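Residue numbers in the sequence shown follow numbering that gives the first Met the number 0, run continuously in steps of one, and reach 200 at the last position.
Report on one structure; see the data block that follows.
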Amino acid sequence: MFRSRNEQRVRELGFDPARLPPGQKITEKWPILHAGDVPRIHLESWYFRVWREVANPIELTHAQLQELPAAEAATDIHCVTRWSRFDVRFRGVRWSELASIVEPRSVARFAIAHAEGEYTTNVPLSALDDPRAMVAWEADGEPLTPDHGWPLRLIVPDRYLWKSPKWLRAVELVAFDQPGFWEHGGYHNNADPWSEERYTL
0 MFRSRNEQRV RELGFDPARL PPGQKITEKW PILHAGDVPR IHLESWYFRV WREVANPIEL
60 THAQLQELPA AEAATDIHCV TRWSRFDVRF RGVRWSELAS IVEPRSVARF AIAHAEGEYT
120 TNVPLSALDD PRAMVAWEAD GEPLTPDHGW PLRLIVPDRY LWKSPKWLRA VELVAFDQPG
180 FWEHGGYHNN ADPWSEERYT L
């Protein structure tokens with residue numbers, strides 16, 4: 000019954016119900032969920048870096064980051080709390096552009112995203128091969144709001160949304176996996192919404 004009601008709602012909104020992962024409910028809004036307070040960020044001291052298993056580590060100010068070739072991509076987002084929102088248009092720098100600059104070493108197998116408040120989350124580096132993967136500063140034609148991760152958010156398509164952390168400060172490439180904040184709290188390490196990889200406990 001849950002699935003049929005949601006499929007009907009998806010059709011009413013003009014979408015293909017096959018796009019909705021199991022256990023999810025479509026929403027037109029963008030709910031706000033995070034642990035802790037929204038951080039206060041001062042752009043004059045803010046920087047973003049990519050480092051560790053790379054040939055050319057980078058550290059960029061907000062202005063320098065926005066000087067890189069920008070791109071836009073639409074992706075569906077899926078929260079572990081069971082809502083999905085379709086066709087969110089993000090704008091920023093594709094991961095492929097950053098990778099061409101930093102040149103990941105052959106030993107790099109995982110990406111550890113570091114955000115404000117010592118938050119981390121992890122994905123296989125291959126998850127960033129998707130052409131929609133990016134570090135984004137806009138959503139749906141507007142700058143990200145502080146509640147949704149301004150000034151920068153990592154976008155990892157086809158994973159539950161906690162793998163796309165708000166308030167991104169760095170991406171560390173490593174040889175071995177390092178589960179992060181929610182993963183240590185019992186969330187699934189892989190987070191595939193199509194397999195309902197929500198929790199491990």
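Even for Gly, the Cβ is constructed at its ideal location relative to N, Cα and C.
Being a predicted model, the structure only gives us computed values, none of them experimental.
Of the residues the options, the one placed nearest residue i, counting alpha carbons only
i: Ala34; options: Pro130, Thr119 and Asp191; result: Thr119
i: Phe109; options: Asp176, Ala62, Arg197 and Asp146; result: Asp176
i: Ser83; options: Ser95, Glu96, Leu59 and Ile31; result: Ile31
i: Gly91; options: Arg152, Val170 and Gln7; result: Arg152
i: Ala205; options: Leu127, Pro130 and Ser105; result: This structure cannot speak to residue 205, because the chain is shown only from 0 to 200.
i: Val173; options: Trp136, Asn5, Lys28 and Trp50; result: Trp50
i: Glu182; options: Glu96, Ala169 and Tyr198; result: Tyr198
i: Arg131; options: Lys24, Trp166, Glu27 and Trp94; result: Trp94
i: Val155; options: Glu137, Pro103, Thr74 and His61; result: Thr74
i: His61; options: Thr80, Ile40 and Ala107; result: Ile40
Secondary structure of residue i, DSSP reduced to three states
i: Ser83; result: strand
i: Val106; result: coil
i: Pro142; result: strand
i: Gly203; result: Nothing can be reported for residue 203: it is not among the residues displayed for the chain, which extend from 0 to 200.
i: Ile100; result: helix
i: His113; result: strand
i: Lys24; result: strand
i: Pro192; result: helix
i: Val37; result: coil
i: Arg197; result: coil
Beta-carbon proximity check, residue i vs residue j, cutoff 8 angstroms
i: Ala112; j: Phe89; result: no
i: Cys78; j: Tyr159; result: yes
i: Arg48; j: Ala135; result: no
i: Glu96; j: Pro68; result: yes
Residues near residue i by beta carbon distance below 6 angstroms, same chain, minus five either side
i: Pro21; result: Glu195
i: Trp166; result: Pro38, Ala114, Glu115 and Gly148
i: Ala70; result: Arg93
Sequence-distant residues of its chain with Cβ nearer than 7 angstroms to residue i (five each side left out)
i: Asp139; result: Val87 and Arg88
i: Pro145; result: Val37
i: Ile100; result: Asn55 and Ile57
i: Pro16; result: Glu6, Val9 and Arg10
Residue i classed as buried or exposed, judged by whether at least 16 other C-beta atoms fall within 10 angstroms
i: Gly148; result: buried
i: Gly179; result: buried
i: Pro192; result: buried
i: Gln66; result: It should be pointed out that residue 66 corresponds to Glu in this sequence rather than to Gln. Exposed, because fewer than 16 other Cβ atoms sit within 10 Å of the Cβ of Glu66.
i: Lys202; result: Residue 202 is absent from the structure shown; the chain starts at 0 and stops at 200.
i: Glu11; result: exposed
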